[in-house]
Amino acid sequence: MKELGVLDFAGVTVVHINAGIAGLVTALLIGKRVGYNGKAPPPHNLPFVVLGTGLLWFGWFGSNSGSALAANGIAASAFVATNTAAVAAGLAWAILEWLVAGRPTMLGTVTGVVAGLAAVTPASGFIGPLPAVAIGMVASACCFAAVTIIKPRLGYDDSLDAFGVHGIGCIWGVLATGLFASTAINPAGADGLLAGNPHQLFIQLIAVVVTLVYSGLGTLIIYKVVDKVIGMRVSEKEENIGLDLTQHREGAYTVLE
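Printed below as a string of structure tokens:
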């Protein structure tokens with residue numbers, strides 16, 4: 084895909100789209116958790132969710148800016164684009180929750196932030212701040228729809244929304260790179276559709292399709308092999324007790340023993 088001319092500044096195609104479709108295939112094959120009724124349970128510890136998002140946000144600067152492989156203007160531009168998209172996506176998700184559910188939530192807002200961070204990653208070194216705003220806001224809308232509408236209707240149990248946030252968000256992000264990329268920002272890249280090069284969007288689409296097919300089939304094969312050899316799902320009793328206890332013996336009583 085590199086030889087084809089695909090633009091992906093920080094590797095989102097091989098990481099997030101790959102993981103998103105792998106997560107979806109595995110969720111469909113392994114089935115729902117015991118007691119899952121189509122609605123995800125509330126987070127066990129919301130402050131830790133927020134803290135984790137903050138750590139991700141900070142680390143994303145290193146991932147995206149660091150992909151410039153130098154402390155230069157491209158790294159600074161990627162830093163700004165990354166932060167701008169995250170802020171725009173978090174705000175957009177909060178507004179969508181406000182419009183749809185009557186109130187924004189912290190869980191939704193930080194989910195939007197992660198969607199924006201993921202979506203802007205392939206474009207971060209090729210765009211300016213305004214395209215980053217567009218990428219973040221559209222990513223939030225797409226992921227919001229995937230998580231709140233598509234997932235309940237299809238009925239699969241994706242506990243961390245690997246597909247709905249990372250998969251869907253980054254499919255948009257890779258395509259958006261083909262829309263907004265500009266050699267005025269990064270001469271080593273290419274112009275996108277809005278800069279007069281519609282072929283780049285087509286190349287980005289090929290990257291998305293190839294990754295989805297490759298990862299989806301690969302995950303299916305790996306799952307089936309592992310399931311035949313050692314099994315992929317624990318018993319209902321073990322699931323109800325909890326995997327920390329039944330599989331890892333992690334708990335307070337372990338120390339006492």
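Using this note's numbering, the first residue of the sequence shown is number 84, and each one after it goes up by one.
The beta-carbon is built from N, C-alpha and C at its ideal position, and this holds for glycine as well.
Best match in the options for proximity to residue i [C-alpha to C-alpha]
i      : options                           : result
Phe162 : Ala229, Leu200 and Leu174         : Leu200
Leu303 : Leu112, Arg316, Gly156 and Val95  : Leu112
Gly88  : Gly314, Leu284 and Leu295         : Leu284
Leu139 : Ile157, Thr165, Ala153 and Gly114 : Thr165
Tyr239 : Ile313, Asn120, Lys85 and Met84   : Asn120
Val179 : Gly325, Gly142, Val308 and Ala228 : The residue you asked about is not Val; residue 179 is Leu in the sequence shown. When only C-alpha atoms are compared, the closest one is Ala228.
Leu300 : Ala102, Pro214, Val193 and Glu86  : Ala102
Ala215 : Gly250, Ser160 and Ala271         : Ser160
Ile268 : Val117, Asn155 and Arg116         : Asn155
Gly279 : Ile289, Val296 and Gly261         : Gly261
Pro235 : Ile104, Lys115, Met84 and Ala259  : Lys115
Ala217 : Ala259, Ile232, Leu237 and Leu243 : Ala259
Val183 : Ile232, Gly142, Val221 and Pro281 : Ile232
Ala123 : Ile157, Trp143, Leu243 and Val296 : Leu243
Pro270 : Pro281, Leu277 and Ile157         : Ile157
Gly110 : Leu277, Arg316 and Arg332         : Position check: residue 110 holds Ala in this sequence, whereas Gly was assumed. With distances taken between Cα atoms, Ala110 lies closest to Arg316.
Assumed close pair residue i, residue j - CB separation to whole angstroms, cut-off 8 Å
i      : j      : result
Pro130 : Leu190 : The Cβ separation is near 11 Å, so there is no contact.
Cys225 : Gly252 : 7 Å
Val257 : Val95  : 7 Å
Ser223 : Ala169 : Not really, about 10 Å apart at Cβ, beyond 8 Å.
Gly106 : Asp327 : Gly106 to Asp327, Cβ: 21 Å. No contact.
Gln287 : Leu90  : 7 Å
Ile100 : Val291 : 7 Å
Glu322 : Val117 : 5 Å
Ile104 : Gly250 : 6 Å
Enclosing alpha helix (DSSP H) for residue i [first to last residue]
i      : result
Tyr297 : Pro281 to Val312
Ser223 : Pro212 to Ala228
Ser160 : Gly156 to Ala184
Glu319 : Glu319 to Ile324
Leu87  : Note, Leu87: premise wrong, no alpha helix (DSSP H); not H, not E.
Gly195 : Met189 to Val203
Gly106 : Asn101 to Ile113
Ser148 : Leu129 to Gly149
Arg236 : Lys234 to Leu237
Ile254 : Ile251 to Phe263
Residue i beta carbon near the ligand SAM (any heavy atom closer than 8 Å)
i      : result
Val197 : You won't find the ligand SAM in this model; it holds no ligand whatsoever.
C-beta atoms of residue i and residue j nearer than 9 Å
i      : j      : result
Ile305 : Phe263 : no
Thr294 : Val97  : yes
Ala245 : Gly219 : no
Ala93  : Pro205 : yes
Thr167 : Pro212 : yes
Gly208 : Ser150 : yes
Ala175 : Thr188 : no
Asn147 : Val193 : no
Ile254 : Met84  : no
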